[in-house]
Amino acid sequence: MTVTVIIPVYNRATHIRSAIESVLRQNAPLPLDVLVIDDGSTDATPKVLSALADQDPRVRIVRRENGGVTRARNTGLENLLPQTAFVTFLDSDDIMAPDRFATDLKILLDEPEVEITYGDMLITFEIDRETFSVPVDAKQIALTSIHLACCLYRRALIDRIGRFDEGLEMAEDTDFIFRTFEIGVNFRQTPTVCHYYLRHDGNMSAKMEDNTLWFNRALVRSVVRRRREPWRRLVKPEFNVELPRDFWAK
């Protein structure tokens with residue numbers, strides 16, 4: 001059995017190395033497969049990826065023409081290894097928290113009826129990219145948010161859910177999570193921080209209004225699905241997405 005971590009990337013030469021290395025340094029009880037989908041990068045990203053793959057055979061690279069993060073994630077799902085038993089995701093500019101698999105993977109191995117685990121994420125403006133630790137004085141907050149990197153899926157559950165909706169320009173990950181919990185999965189929520197979400201100039205440029213718009217569209221789709229198909233139900237972790245109003249201000 002193997003754990004596959006899918007990382008879509010497009011022009012993230014300055015961040016992708018840290019993201020991948022944060023996975024490779026995990027102390028996991030199962031072999032790791034780091035599947036990087038290069039979505040047609042035009043900067044130095046391909047060079048960085050090739051160097052990492054040469055250094056560690058656990059890094060696999062699939063290159064494709066630029067088509068957006070949704071198609072890149074679907075490409076990842078289409079390239080899982082035969083022995084892949086568990087799947088999670090990581091954005092190319094974020095960091096996997098140390099010991100991310102210590103609790104979650106143990107649950108899935110010990111309790112075969114559990115289909116997915118869901119942990120917390122930590123949002124911060126600063127991180128040490130050598131030790132992958134967050135400085136004590138850094139601005140940070142931990143919460144149970146709606147984020148793919150907080151999930152650890154059984155592959156069989158992925159097969160039940162299907163693929164990411166390529167009709168959504170944004171919030172396709174939110175839509176995927178909604179569809180996950182609509183089918184009444186057996187999940188376990190854990191108190192561990194699985195994911196460091198690093199705020200920086202590159203990801204702060206997206207307008208909050210756009211994020212809210214596409215989130216609402218994903219939410220409406222979920223409501224419509226549940227009305228059309230009454231068997232669907234929204235059983236989910238206790239999400240907490242409320243942040244202090246001034247949190248995003250540096």
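Note that full-length UniProt numbering has the sequence shown beginning at 1, numbered continuously upward.
Cβ atoms here follow ideal geometry from the backbone N, Cα and C, with glycine treated the same way.
A quick note: this is a predicted structure, and the numbers were derived from the prediction, not measured.
Item, Value
"Whole alpha helix (DSSP H) runs in the segment 161-195 with 4 or more residues, listed along the chain?", "172-182"
"Considering just the uninterrupted stretch of the beta strand (DSSP E) at residue 19, what are its terminal residues?", "It is not in any beta strand (DSSP E) - residue 19 instead sits in the alpha helix (DSSP H) that spans 16-24."
"Pick helix, strand or coil for residue 142, following the three-state DSSP scheme.", "strand"
"Short check: CB of residue 104 to CB of residue 191, under 8 angstroms?", "no"
"Can at least three beta-carbon pairs, one atom from the segment 1-14 and one from the segment 40-49, be found at a separation below 8 angstroms?", "yes"
"Based on the DSSP output, what are the partners of residue 121 in its beta bridges?", "143 and 195"
"Going residue by residue through the segment 46-127, where are the continuous alpha helix (DSSP H) segments of at least 4 residues, counting only ones entirely within it?", "69-78 and 101-110"
"Below 7 angstroms CB to CB, which residues in the same chain sit around residue 83 once its five sequence neighbours on both sides are set aside?", "1 and 2"
"Buried or exposed: where does residue 251 fall if 16 or more other Cβ atoms within 10 Å of its Cβ makes it buried?", "The structure shown does not extend to residue 251, since the chain is modelled only from 1 through 250, so no value can be given for it."
"Kindly indicate which three-state DSSP category residue 35 falls into: helix, strand or coil?", "strand"
"Could you compute how far the alpha carbon of residue 64 sits from the alpha carbon of residue 129?", "28 angstroms"
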